[in-house]
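Just below is one structure, and these are the notes that go with it.
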Amino acid sequence: MIIAILSGKGGTGKTFVSVNLVAATENAVYLDCDVEEPNGRLFLKPQQLVSAPVTVLLPTIDRDKCNGCRQCVEFCRFNALAFVRDNPMIFAEICHSCGGCALVCPEQAISEIPREVGKVEKGVSGGVHIVTGILNVGEPSAVPVIKQVLNGNQPEKPLTVVDCPPGSSCSVIESVSQADYCLLVAEPTAFGLHNLKMVRHLVQLLQKPCGIIINKADGEYPPLEQFCAETNTPILLRIPYDKHIAERTAAGEIIVREDHLMKEVFLGLLGRIENEAKR
Amino acid sequence: MKITIPVENNQETVCFSFGRSPYFLIHDTESNTNEFKANPAVNAEGGAGIKAAQFVLDTGAEALITMRCGQNAADVFKAAGMKIYKAISANAQENLKALSEGKLEELASFHAGFHGRA
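Line order of the protein sequences matches chains P and R. Going by the numbering used here, the residue at position 3 of the first sequence is 3; the numbering climbs one at a time, nothing skipped. Going by the numbering used here, the residue at position 29 of the second sequence is 308; the numbering climbs one at a time, nothing skipped.
Here it is, written out as structure tokens:
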């Protein structure tokens, strides 16, 4: 079963929930798709690391062969190409690596060369297999790295947890693409609810079953309860705003590994998700 | 010489955005005529600055007066040897007058692209 952990708003506790879920079962795959700031590894501390680069294809133009017909410039829907003073120009960060320019070039002047945009690290921590996507600083698109994290021939485990990026953009859509169930982590605040609505709408469009965890629950926030009731979204767990949990998490520890009760809570959550996903 | 300015739908007001302005005013200093061309990049999914810059260059313009300009468009203009001046008025014609009087300064800073930002 593949569970994606999303939030809309950043900092609600996606990674907290993700690492505690996998650590509670001690037999899972953890995929960190929050590739701009992959933090799961700080808690899971993977060993036996193996790293592989992530590359995208970038066109390169042989100026001796280019006859200036501009068919590549006209073709590119992302406008990553220009033709100035008899010279073709390529904007690497805008290119989506579709390869169309090379196909339409009548002179075969365009070839594609790999460009590194990040890397994927694999490692283990107890019974948990950890895959971390890391996007190079300054790269505008996280999607190629996320794709490689998701399609990396993971070992067979009963549970896979996908720690998603915040928001509801392309990188989130890519991250949840293979999920059987979406777990939305929300804070009981106006800001938290606003962004929860966006991500709830997204998973609805993607036709994924979903449930909500309210984290840092320091009392009832009626608008959030009302939203869950109106949209028929189950609240699967409320995690209290607890100083001890915060301190242990800030110290880089995984709470279920030292607190038997919390371990039972997360295993119970997993059971509820399995039931919900069957409905 | 042809000078271009991104303008709003009223074809008078300088548009704050270069790449996504609805029109470009093309002013010919020799014939003292104005021409308005619709910007083909106005609804581009991405790379609007590059496409708009290519379009402006292809009109034969040699100078641009604009409020601001993105780095990608600036790279295209730099390769073409285009002069980029900073607009000092919201009115296109006043900027043309200021340029003819030598009152416009070259645009010194360019903003990063917005493409792909989540």
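Glycine included, each C-beta is placed from N, C-alpha and C at the ideal position. Everything numeric in this text was worked out from a predicted model, so none of it was measured.
Only L336 from the segment 334-347 of chain R bring a Cβ to less than 8 Å from some Cβ of chain P. Taking CB atoms only, V321/R has no neighbour in chain P less than 9 Å away. Contact between the segment 48-57 of chain P and the segment 178-190 of chain P is absent: fewer than three C-beta pairs spanning the two stretches fall below 8 Å. For V124/P, the closest of V22/P, L269/P, P240/P and E258/P by C-alpha to C-alpha distance is V22/P.
Assignment of C101/P by DSSP, reduced to helix, strand and coil, places it in the helix class. With its beta carbon less than 9 Å from one in chain R, M89/P belongs to the interface. Assignment of M198/P by DSSP, reduced to helix, strand and coil, places it in the helix class.
With contacts defined as CB atoms closer than 9 Å, I245/P and I214/P fail to qualify as a contacting pair. Residues of the segment 71-89 of chain P with a C-beta less than 9 Å from any C-beta of chain R: V73, C76, R77, F78, N79, A80, L81, A82, F83, V84, R85, N87 and M89, listed in chain order. Within the segment 135-156 of chain P, contact with chain R at the beta-carbon level (separation under 7 Å) is assigned to P140 and S141. Secondary structure note for C69/P: it is in no alpha helix (DSSP H), with a DSSP letter that is neither H nor E.
Under DSSP, I212/P forms a beta bridge with L184/P and I235/P.
For the pair of segments examined, the segment 160-177 of chain P was found not to touch the segment 81-91 of chain P: the number of CB pairs separated by less than 8 Å stays below three. Identification of chain P residues near K330/R by a Cβ-Cβ cut-off of 7 Å yields N79, ordered along the chain.
Chain P places a beta carbon closer than 9 Å to that of N351/R, counting this residue as a contact.
Scanning its chain for C-beta atoms nearer than 8 Å, with the 5 sequence neighbours on each side dropped, one finds around V131/P the residues V29, Y30, L31, D32, V120, E121, K122, V149, G152 and Q154, in chain order.
In the same chain as E385/R, and ignoring 5 residues on each side of it, the C-beta atoms closer than 8 Å to its own belong to K362, I363, Y364 and K365, in chain order. In the three-state reduction of the DSSP assignment, P166/P falls in the coil class, being assigned neither a helical nor a strand state.
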